[in-house]
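Numbers 3 to 163, taken from the working numbering, label the letters of the sequence shown in order.
Note that CB positions come from ideal geometry on N, CA and C, so glycine has one too.
Nothing here was measured: the structure is a model prediction, and the numbers come from that model.
Worksheet: the structure to be examined is printed underneath.
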Amino acid sequence: MSRLDFMINRLTAQRMLLEEAARLIGDRPGCVFELGLGSGRTFDHLRELLPDREIFAFDRAIGAHPKCIPDGDHMILGEIRETLGYCAPRIPGKPAFIHIDLGSGDPTQDLITRAWLSPHIAEWSEPGTIILADRPLEGSFENLPRPDGCPKSGHALLRAA
Numbered sequence: 003m004s005r006l007d008f009m010i011n012r013l014t015a016q017r018m019l020l021e022e023a024a025r026l027i028g029d030r031p032g033c034v035f036e037l038g039l040g041s042g043r044t045f046d047h048l049r050e051l052l053p054d055r056e057i058f059a060f061d062r063a064i065g066a067h068p069k070c071i072p073d074g075d076h077m078i079l080g081e082i083r084e085t086l087g088y089c090a091p092r093i094p095g096k097p098a099f100i101h102i103d104l105g106s107g108d109p110t111q112d113l114i115t116r117a118w119l120s121p122h123i124a125e126w127s128e129p130g131t132i133i134l135a136d137r138p139l140e141g142s143f144e145n146l147p148r149p150d151g152c153p154k155s156g157h158a159l160l161r162a163a
């Protein structure tokens, strides 16, 4: 598969899985975490999918398009490994949905990230929290089925047990 086809499949899968996650959280209360703001494309899409939800974006620096940057109350800057442990005073309860897009493309770095990230996700989750992760997580998470027609990708749709 060409790199172009790989990217098209990855983005198509990500969009379909974000839409499925939005459907799954339905009327469940809670905010949304966007771990890895990056260019802001996913954050922008989440604003459209979930217009009535507070979305908290986390990243070490802002590199997003100016129209895709959350306001100062909803942008949490710094090393995500650290900010997830100290941001509770800013967050109104546990999130209903956590989107993780932190893949580096380096298998060793991704294993390191998995090791520190999994306990943070478990701490912020409660039974029923929906998680869309671009990497496997360790812990009590149930794999959910992908929507029909969703291309293969490294994403996993999970529910906290």
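Selection from the options that minimises the alpha carbon distance to residue i
{"i": "Leu-20", "options": "Ile-100, Arg-5, Pro-68", "result": "Ile-100"}
{"i": "Glu-81", "options": "Leu-52, Pro-68, Trp-118, Lys-96", "result": "Trp-118"}
{"i": "Gly-38", "options": "Pro-109, Leu-104, Arg-5", "result": "Leu-104"}
{"i": "Glu-140", "options": "Ser-41, Glu-22, Glu-125, Arg-17", "result": "Glu-125"}
{"i": "Ala-59", "options": "Arg-83, Val-34, Leu-52", "result": "Val-34"}
{"i": "Ser-41", "options": "Gly-65, Pro-121, Glu-56", "result": "Gly-65"}
{"i": "His-67", "options": "His-76, Phe-45, Gly-151", "result": "Phe-45"}
{"i": "Asp-61", "options": "Ile-102, Ile-123, Leu-146", "result": "Ile-102"}
{"i": "Leu-159", "options": "Met-18, Gly-87, Met-77", "result": "Met-18"}
{"i": "Pro-31", "options": "Ile-123, Arg-5, Ile-114, Gly-130", "result": "Gly-130"}
{"i": "Arg-25", "options": "Arg-43, Ser-120, His-76, Leu-48", "result": "Leu-48"}
{"i": "Arg-92", "options": "Ile-78, Ala-163, Ile-132, Glu-84", "result": "Ile-78"}
{"i": "Pro-121", "options": "Leu-146, Phe-8, Glu-84", "result": "Glu-84"}
Bridge-paired residues (DSSP) for residue i
{"i": "Ala-59", "result": "Glu-36, Met-77"}
{"i": "Leu-134", "result": "His-101, Leu-159"}
{"i": "Asn-145", "result": "Leu-160"}
Exposure of residue i, with buried meaning 16 or more beta-carbon neighbours within 10 Å
{"i": "Met-3", "result": "exposed"}
{"i": "Gly-74", "result": "exposed"}
{"i": "Glu-50", "result": "exposed"}
{"i": "Thr-110", "result": "exposed"}
{"i": "Ser-127", "result": "buried"}
{"i": "Ala-90", "result": "exposed"}
{"i": "Gly-151", "result": "exposed"}
{"i": "Phe-143", "result": "buried"}
{"i": "Ile-114", "result": "exposed"}
{"i": "Ala-15", "result": "buried"}
{"i": "Ile-10", "result": "exposed"}
Limits of the alpha helix (DSSP H) - the one that residue i falls within
{"i": "Met-18", "result": "5-27"}
{"i": "Glu-84", "result": "82-88"}
{"i": "Leu-119", "result": "109-126"}
{"i": "Arg-49", "result": "43-51"}
Would you check if there are 3 or more beta carbon pairs closer than 8 Å linking the segment 153-162 to the segment 123-140?
yes
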